[in-house]
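Only one structure is covered here, and it is reproduced in the block below.
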Amino acid sequence: MFAYLKGMLVEVGPQHVVLDVQGVGFYIIVPSSVVSKLPSRGNDVKLYVHLNVRQDGMELYGFLNREDKLLFEKLISVSGIGPKAAISMLSTLSSTQLALAIATGDVKALSAAPGIGKKTAQRVILELREKIDKEVVESSPMVADEVVAAQGIEKEALQALMALGYQAFEAQRAVDLVKDQAQDTATLVKLALKALDRR
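In the UniProt record's numbering, the protein residues as written are 1 to 199.
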């Protein structure tokens with residue numbers, strides 16, 4: 001219904017703003033990271049908005065750019081993830097950091113957001129890992145290189161474990177448990193083997 005709203009900033013809260021658009025005040029829920037980047041009250045602001053329709057009413061969610069709005073909409077497409085959880089993640093991590101965490105399977109980074117547990121973080125990764133648009137992850141060359149490197153190390157470790165006779169599913173499970181602790185393939189394989197030995 002709305003692509004964006006542009007109007008005078010008249011109120012700012014911890015996670016909301018009110019924009020006066022031609023005499024109409026729009027209450028818009030925003031990530032706390034947006035609040036810190038806003039100009040002072042009385043200035044014009046443009047927010048890309050998502051309209052969330054509920055049984056008991058409607059809510060507007062606002063973002064400073066299309067990429068954040070796109071990522072928010074991807075997040076709420078995940079089973080069990082509502083707008084509040086998505087806002088929590090976008091308040092804790094930037095869109096680039098969030099895309100990187102999803103692309104590299106970083107459960108720890110995602111679960112750092114208030115209200116996001118380990119199982120929820122794993123579900124986000126499972127459902128969105130293949131859907132994260134390249135332009136979001138590759139918005140920074142350094143981020144793109146980090147994603148490729150992390151995925152390469154993980155793939156090599158999986159291949160090594162399967163060559164040692166482990167099934168793909170158990171190798172993947174072991175790698176997922178320890179990948180945050182390793183920066184190279186050899187270390188990842190050693191840690192994964194230890195995890196497999198503890199079964």
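Here a beta-carbon is modelled for each residue, glycine too, at the ideal position from N, C-alpha and C.
Note that the structure is a prediction, hence the values are computed from the model and not measured.
| query | result |
| --- | --- |
| In DSSP terms, what Val17 is bridged to | Val12, Ile28 |
| Nonlocal neighbours in the same chain, by C-beta distance under 8 Å from Ser58, ignoring five residues either side | Position check: residue 58 holds Met in this sequence, whereas Ser was assumed. Result list for Met58: Leu51, Asn52, in chain order. |
| Cut-off 6 Å between Cβ atoms - residues of its own chain near Ser33, not counting five sequence neighbours on either side | Ser91 |
| Asp106 - DSSP class collapsed to helix/strand/coil | coil |
| Beta-bridge pairing of Asn52 - partner residues as DSSP gives them | Glu59 |
| Three-way DSSP call (helix, strand, coil) for Ser140 in this model | Note that Ser140 scores 49 on pLDDT, short of 50, meaning its location in the model is unreliable and no value can be drawn from it. |
| Residue environment, residue 248, which counts as buried when at least 16 other CB atoms sit within 10 Å | One cannot answer for residue 248 here, as it falls past the ends of the chain, which runs 1 to 199. |
| DSSP state of Ala195 mapped onto helix, strand, coil | helix |
| Residue range of the alpha helix (DSSP H) that includes Asp68 | 66 to 75 |
| Separation of Thr187 from residue 225, as counted between CA atoms | This structure cannot settle anything about residue 225, because the visible part of the chain is limited to 1 through 199. |
| Rounded straight-line distance, which links the Cα of Gly25 to that of Ile132 | 34 Å |
| Short Cβ contact (8 Å threshold) for Arg129 with Ala103 | yes |
| 8 Å contact criterion, which Asp20 and Met8 should meet: CB distance rounded | 5 Å |
| Reduced DSSP secondary structure (H/G/I, E/B, other) of Leu47 | strand |
| Reduced DSSP secondary structure (H/G/I, E/B, other) of Leu90 | helix |
| Close Cβ partners of Lys69 (< 7 Å) along its chain, the five nearest in sequence each way excluded | Tyr48, His50, Phe63 |
| Straight-line Cα distance separating Arg123 from Gly117 | 10 Å |
| Start-to-end residues for the alpha helix (DSSP H) that takes in Phe2 | Phe2 -> no alpha helix (DSSP H), and no H or E assigned at all. |
| Which listed residue (Ala121, Lys155, Arg173, Met162) has its alpha carbon closest to that of Ile76 | Ala121 |
| C-alpha gap between Asp180 and Ile125, whole angstroms | 15 Å |
| Limits of the alpha helix (DSSP H) - the one that Val124 falls within | 118 to 128 |
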